[in-house]
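Structure first, then comments.
Laid out in structure tokens, this is it:
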């Protein structure tokens, strides 16, 4: 993915915002024209309402896919789809309608709206920018399928209003045992993604069984290294239907998160089957892998002489606690999130630890990074989570890429003392993928960064040793040998070197033929959409938001509502 345009700054547009602007009137006038032409299926007239350099992102509502259109592709999409989807019942919302200024030299009128198609209820967000002639045109349009007509989620006023007397638990156990029936959907993995999807499916009356290899719900968090703590703030991490209470810490310890997932499972009575012995053949119509981003075995590089090393070699996924290595010399290979967490844990247990940095790392602090990146959405004073989610999803990734370098530099300025300290101790820094900081690194590589919660200062103070002046040549019996002739003695080497390829998990269950047919998973395609996920194949926030979209696709297929995707192979 590469942006082919510039930000719509005032200089770029040759326009300014009048002091007495009535954002509501601007939005209403534009939306009146838009809804008129959309209802008539007139793509050519709608195209005239868009700026020359504009975007439209659609999540299932108009394409049955996750698509972002820009330039000529946008106009082609309008001509192809609007005559067929039958948009109607347009309603502009006054709530959250405002003039926003992402930067001092840029502004847009932002508004939310609702509409219907022939099969569903949908929502949208429009962002309008001024033109040199004073006319306002659309810069970003977002459309999103919210529900299927005739098949609403059974929540709120649609939940069961009747009291259930008698043997409710017994009836439920019989229903969920699947002794004489098969579930419609089999979900492999009961982490946050698997549980969120199962809850949505259950509320759409789709029978679902979740299978889990661990003994308890939450063990995918509980079994990782003891020092693990979420680096995303609480406002970003809510589960669907069951938000964290107001007493919840801003940054959640992994074991606390594990227990919360277990309570989520109990609250929603999601059917989960773990290791009980025996064998059962299930005939299911949908198989969903919710097994995490990486491979079950992690990414472990190989070096000459590893077989001669007399110490212990571990991947970070196998590492449990620093206290297991009291009195040992430890080297952690890697310089991103897991490496920092593990090194800090070793330091806190008075264990000699050296971080070996293979390449530069993007660093931002939680103190300054999160407020600048998403403080207007995910914070104590932010909007409701469902509004924050749709606002976040509504910005095409190409626009994120255009805006991110400015925000990255702003974060770097706020983190100036921290970054200068890291440079002085020899830590190699970068500004992230394409100088976009965290914003693209997570989607393109799912790594390459560390969101600092304190370990950077340990490196600055020399409490965690650092080596990055040479490549590893080989292992010896007692440690590592480097190309510049230096050596590093070690009793334990921990590889914090990535999580591997998620298709290994598919291969282990479905075999080579199916795994080889799967498209690459993760990274951004030419339209800025994440490859391989949420279609027929993240973090807590994205599990929360996109699990509903996957559930809606499955329900639409089951009810015969799903239509051909709009040019999926692009």
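Numbering (my numbering), first residue to last: 404 to 973. Cβ coordinates follow ideal geometry from the N, Cα and C atoms, glycine included.
Pair within 9 Å by beta-carbon distance, residue i and residue j
i	j	result
residue 948	residue 796	yes
residue 739	residue 851	yes
residue 438	residue 545	no
residue 637	residue 656	no
residue 777	residue 815	no
residue 964	residue 522	yes
residue 826	residue 834	no
residue 896	residue 735	yes
residue 483	residue 413	no
residue 894	residue 714	yes
residue 583	residue 610	no
residue 856	residue 639	no
residue 869	residue 760	yes
residue 628	residue 732	no
residue 737	residue 882	no
residue 858	residue 746	yes
residue 693	residue 600	yes
residue 441	residue 493	yes
residue 420	residue 793	no
residue 728	residue 898	no
residue 690	residue 921	no
Buried versus exposed call for residue i [16 or more other C-beta atoms within 10 Å across all chains shown]
i	result
residue 867	buried
residue 799	buried
residue 355	The structure shown does not extend to residue 355, since the chain is modelled only from 404 through 973, so no value can be given for it.
residue 418	buried
residue 547	buried
residue 842	buried
residue 880	exposed
residue 887	exposed
residue 429	buried
residue 915	exposed
residue 470	buried
residue 615	buried
residue 956	buried
residue 487	exposed
residue 563	exposed
residue 705	exposed
residue 592	buried
residue 803	buried
residue 536	exposed
Assigned secondary structure, residue i (DSSP; H/G/I helix, E/B strand, else coil)
i	result
residue 882	strand
residue 662	helix
residue 618	coil
residue 821	helix
residue 471	strand
residue 875	strand
residue 913	helix
residue 669	helix
residue 809	helix
residue 906	helix
residue 610	coil
residue 642	coil
residue 559	helix
residue 523	strand
residue 654	coil
residue 953	helix
residue 530	strand
Contact set for residue i: own chain, Cβ-Cβ below 7 Å, skip 5 residues either direction
i	result
residue 918	906, 909 and 910
residue 813	775
residue 667	598, 642 and 645
residue 431	495
residue 373	The shown model of the chain, from 404 to 973, leaves out residue 373, and the question about it has no answer.
residue 876	884, 885 and 886
residue 540	452, 453, 454, 531, 532 and 534
residue 489	520 and 521
Same chain only: Cβ atoms within 6 Å of residue i, ignoring 5 sequence neighbours per side
i	result
residue 726	752
residue 512	426, 429, 430, 502 and 531
residue 619	none
residue 743	853 and 858
residue 707	877
residue 817	771
residue 623	594
Min CB distance residue i to chain B below 9 Å
i	result
residue 851	Of the chains in the structure shown, none is chain B; there is only one protein chain.
Proximal residues to residue i (C-beta, below 8 Å), its chain only, five neighbours per side dropped
i	result
residue 977	In the structure as shown, the chain begins at 404 and stops at 973. Residue 977 is therefore absent and cannot be evaluated.
Legend entry - Ordered list of alpha helix (DSSP H) runs contained in the region 714-764, each at least 4 residues: 740-751
Inset, instruction - Please go through the region 761-807 and give each complete alpha helix (DSSP H) segment of 4 or more residues, from N-terminal end onward. - result: Listed in chain order, the complete alpha helix (DSSP H) runs (minimum 4 residues) inside the region 761-807 are 769-777 and 788-796.
Inset, instruction - With a floor of 3 residues, list each beta strand (DSSP E) that falls wholly inside the region 573-603, ordered by position along the chain. - result: For the region 573-603, whole beta strand (DSSP E) runs of length 3 or above, ordered along the chain, are 588-591.
Legend entry - Length at least 3, wholly inside the region 473-510: the beta strand (DSSP E) runs in chain order: Counting whole runs of 3 or more residues, the region 473-510 contains the beta strand (DSSP E) stretches 491-495 and 501-506.
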